[in-house]
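Peer 1: This structure is in structure tokens; I'll ask about it shortly.
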Amino acid sequence: MANVVVVGAQWGDEGKGKIVDWLSEQADVVVRFQGGHNAGHTLVIGGKVYKLSLLPSGVVRPGKLSVIGNGVVLDPHALASEVERLSEQGVSITRDNLRVAENATLILSIHRELDALRESGSAGTKIGTTKRGIGPAYEDKAGRRAIRLMDLADLASLRDKIDRLLTHHNALRRGFGLDEFSPEAIYEELASVAPKVLPYMDAVWRLLDEERRAGKRILFEGAQGALLDVDHGTYPFVTSSNTVAGQAATGSGLGPGAVGYVLGIAKAYTTRVGEGPFPTELFDETGELIGQKGKEFGVVTGRKRRCGWFDATLVRQTVRTSGIDGIALTKLDILDGFETIKIGVGYKLDGQTIDYFPASQGAQGRVEPIYEEMEGWSGSTAGARSWADLPAQAIKYVRRVEELIGAPVAVLSTSPERDDTILMKNPFEG
Ligand code: IMP
């Protein structure tokens, strides 16, 4: 029996929520392993709408263990308020069903401020972040000066850790011509939230190892998408964590052998929020129409998403960098009714044809997509639950996507409704 890791195969917002929810029903343990409350998805269960940002999707289902791994950057206030909000909706969250890694790095108010400050800088330096403090918190983690969850349990030495952190941050503040942060204010901020989050703290690597040995099914829930990976994405227009599937092991404390089946989620077209290259982006009414039909607005920030055709070159690359075994193709119904549909199959770069996305920022900005044009379909795929329900041209499109990306479509999603899904393979069955 395999464990499963779900990762976005594009720039995030691929519709992971519905797929993760369906898989979490079959899982015993659901683990977040990177990112933080920059993620966002909506679950609809039994007619009730739940908005999750930091908590793993399993948390809304009774009997599941949800785990926030060490690879996540944790805003303790965001955790406390998400727990509170869900409790008001009748979801019980206790140590019995939620554990958070003791060695998870904390996001503090100073990180949120710094994120916003950098984003308010001059054009060209902006990344278009979610301003949640994600990047600055990961910087402090790599800089070996971060405050981690376990530090809240040792208030006597917390002051020294804050002083060390502020040596760095206050130097930066002075450079920006801003007032310095007071160590007391940060101490108070942390001491007041500590009792709300410490009850969930655990040695997650050990707990997960026990669960694995007991034969429990583990679902690793990725956030964002492989093209936002800090190494493999469109650097510097990326998030600050590794979003590829390999991070599921590092970010939870299990070995790579525990990861199992890698399910990549890809939209039948492409979207992106924030700045950065997007070769198949559409600036015309087709792009507008895709955005309207697909309701392409961010769950966390409400920002309008940029829209374009499916870029097979990019997804083929993420299939490789994440070791994707199968794809869940989502939102196929948004392409219903287009007379013709384009797929990006390669690029022109400085007069040469290439079949990969180059790593350099300059080249990523210069590539021009090479398109293959296919006939669209006039029938509807919305709500289809079997291949027989799909127009022949839609099947052709899916088959062509599989061929171009070098991975099979394991799951096809044809509406936000949970049952509007065509299943070729259950990832948990290996
Ligand atoms: P950060 O993660 O807030 O630092 O933002 C860095 C980049 O990642 C920006 O382009 C964001 O728009 C993007 N990003 C972060 N989280 C998500 C997400 O959940 N979906 C899509 N894009 C995201």
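Numbering (the numbering used here), first residue to last: 5 to 434.
Positions of the beta carbon are idealized from the N, C-alpha and C atoms, including for glycine.
Being a predicted model, the structure only gives us computed values, none of them experimental.
Looking at the ligand IMP, does it come within less than 7 Å of GLN228, judged from the CB to the closest heavy atom?
Peer 2: Indeed, a heavy atom of the ligand IMP lies less than 7 Å from the Cβ.
Peer 1: Near ILE190, what residues of its chain come up, given a Cβ to Cβ distance below 6 Å and the 5 sequence neighbours on each side ignored?
Peer 2: Same-chain partners within the cutoff: ILE166.
Peer 1: Which residues mark the beginning and the end of the alpha helix (DSSP H) in which GLN436 is found?
Peer 2: Look at the range of the chain in this structure, 5 to 434, and you will see that residue 436 is not part of it.
Peer 1: Using the DSSP secondary-structure output, state which residues sit across from SER245 in a beta bridge.
Peer 2: Paired residue(s): none; SER245 is not in a bridge.
Peer 1: Just checking my contact of GLU289 with ARG310 at CB under 8 Å: how many whole Å lie between their CB atoms?
Peer 2: At roughly 14 Å, the Cβ-Cβ gap does not stay under 8 Å, so GLU289 and ARG310 are not in contact.
Peer 1: Based on the DSSP output, what are the partners of PHE314 in its beta bridges?
Peer 2: Per DSSP, ILE347.
Peer 1: Looking at the structure shown, is VAL10 part of a helix, part of a strand, or coil, going by DSSP?
Peer 2: Note: VAL10 maps to strand in three-state DSSP.
Peer 1: Might you give, ordered along the chain, the residues of its own chain that have their beta carbon closer than 7 Å to the beta carbon of GLU225, omitting 5 neighbours on each side?
Peer 2: For GLU225, where only same-chain residues beyond five positions count, the Cβ hits under 7 Å are VAL10, VAL24, VAL34, VAL35, ARG36, PRO60, SER61.
Peer 1: With a Cβ-Cβ cutoff of 8 Å, do LYS352 and MET378 count as a contact?
Peer 2: Against a cut-off of 8 Å, the Cβ pair of MET378 and LYS352 comes out as no contact.
Peer 1: Among THR344, SER417, SER326, SER390, which one has its Cα closest to the Cα of LEU333?
Peer 2: The shortest Cα separation from LEU333 among THR344, SER417, SER326, SER390 belongs to SER417.
Peer 1: Can the beta-carbon of GLY348 be found closer than 8 Å to that of ALA316?
Peer 2: Yes, the pair counts as a contact, with Cβ atoms nearer than the cut-off.
Peer 1: Looking at the ligand IMP, does it come within less than 7 Å of LEU58, judged from the CB to the closest heavy atom?
Peer 2: It does not: the Cβ of LEU58 is nowhere closer than 7 Å to a heavy atom of the ligand IMP.
Peer 1: Under a Cβ-count criterion, where at least 16 other Cβ atoms within 10 Å of its own Cβ denotes burial, should VAL53 be classed as buried or exposed?
Peer 2: It is exposed - the Cβ of VAL53 has fewer than 16 other Cβ atoms within 10 Å.
Peer 1: Within 10 angstroms of the Cβ of HIS172, are there 16 or more other Cβ atoms? Answer buried if so, exposed if not.
Peer 2: Under this definition HIS172 is an exposed residue.
Peer 1: Out of SER326, GLU343, TRP313, state which residue places its alpha-carbon closest to the alpha-carbon of VAL405.
Peer 2: Among SER326, GLU343, TRP313, the Cα nearest to that of VAL405 belongs to TRP313.
Peer 1: Is the region 294 to 311 close to the region 235 to 254, with three or more CB pairs under 8 Å?
Peer 2: Taking 8 Å as the limit for Cβ pairs, the verdict is that the region 235 to 254 does not touch the region 294 to 311.
Peer 1: Could you pull the start and end residues of the alpha helix (DSSP H) that ARG217 belongs to?
Peer 2: It spans 208 to 217 - the alpha helix (DSSP H) in which ARG217 sits, taken as one unbroken run.
Peer 1: Are ASN246 and GLN38 close, meaning C-beta to C-beta below 8 Å?
Peer 2: In contact: ASN246 and GLN38 (Cβ atoms closer than 8 Å).
Peer 1: Compare the beta carbon distance of LEU69 and LEU56 with 8 Å and say whether it is the shorter of the two.
Peer 2: In this structure, LEU56 does not lie closer than 8 Å to LEU69 by Cβ.
Peer 1: Would you call GLY261 buried or exposed, if buried means 16 or more other Cβ atoms sit within 10 Å of its Cβ?
Peer 2: So GLY261 counts as exposed.
Peer 1: Could you name the residues whose beta carbon sits closer than 5 Å to any heavy atom belonging to the ligand IMP, keeping them in chain order?
Peer 2: After applying the 5 Å Cβ criterion, the set is GLY16, ASP17, ASN42, ALA43, GLY132, THR133, THR134, ILE138, GLY139, GLN228, LEU232, THR243, VAL277, GLY278.
Peer 1: So within the region 14 to 101, which uninterrupted alpha helix (DSSP H) runs reach at least 4 residues, ignoring any that extend past its ends?
Peer 2: Fully enclosed alpha helix (DSSP H) runs of 4 or longer: 20 to 30, 80 to 92.
Peer 1: Restricting to Cα atoms, I'd like to know which of VAL263, ASP359, LEU78, LEU159 is closest to GLY327.
Peer 2: Comparing Cα positions, the closest option is VAL263.
Peer 1: Kindly indicate which three-state DSSP category ILE328 falls into: helix, strand or coil?
Peer 2: Reduced to three states, the DSSP call for ILE328 is coil.
Peer 1: Tell me which same chain residues have a C-beta within less than 6 Å of the C-beta of ALA227, skipping the five on either side of it?
Peer 2: Closer than 6 Å at Cβ, skipping near neighbours: GLY39, ALA43.
Peer 1: ARG276 lies in the beta strand (DSSP E); which residues open and close that run?
Peer 2: Note, ARG276: beta strand (DSSP E), 274 to 276.
Peer 1: On the three-state DSSP scale, how would you describe GLN356?
Peer 2: If DSSP states are grouped into helix, strand and coil, GLN356 belongs with the strands.
Peer 1: Measure the alpha-carbon distance for ARG116 versus PRO140 and round it to whole angstroms.
Peer 2: Distance between the alpha carbons of ARG116 and PRO140: 8 Å.
Peer 1: Please tell me whether MET428 and ALA411 are closer than 8 Å, where the distance is taken between their beta carbons.
Peer 2: Not a contact, by the Cβ cut-off of 8 Å.
Peer 1: Tell me, please, whether the region 129 to 136 touches the region 96 to 105 by the rule of three or more beta-carbon pairs shorter than 8 Å.
Peer 2: Cβ pair count under 8 Å is below three, so no.
Peer 1: Starting from THR425, trace the beta strand (DSSP E) both ways and give me its first and last residue.
Peer 2: Residues 425 to 427.
Peer 1: Taking contact to mean at least 3 C-beta pairs separated by less than 8 Å, is the region 354 to 362 in contact with the region 387 to 397?
Peer 2: The answer is no - the region 387 to 397 does not touch the region 354 to 362, with fewer than three Cβ pairs under 8 Å.
Peer 1: Can you name, in chain order, every residue of its own chain whose Cβ lies under 6 Å from the Cβ of ALA453, other than the five neighbours on each side?
Peer 2: The requested residue 453 does not occur in the structure, where the chain is confined to residues 5 to 434.
Peer 1: Looking at LEU169: is its Cβ nearer than 8 Å to the Cβ of LEU194?
Peer 2: Cβ atoms of LEU169 and LEU194: not closer than 8 Å.
Peer 1: Alpha carbon to alpha carbon, how far is LEU102 from ARG163? Give it in angstroms, no decimals.
Peer 2: Each residue's Cα considered, the two are about 28 Å apart.
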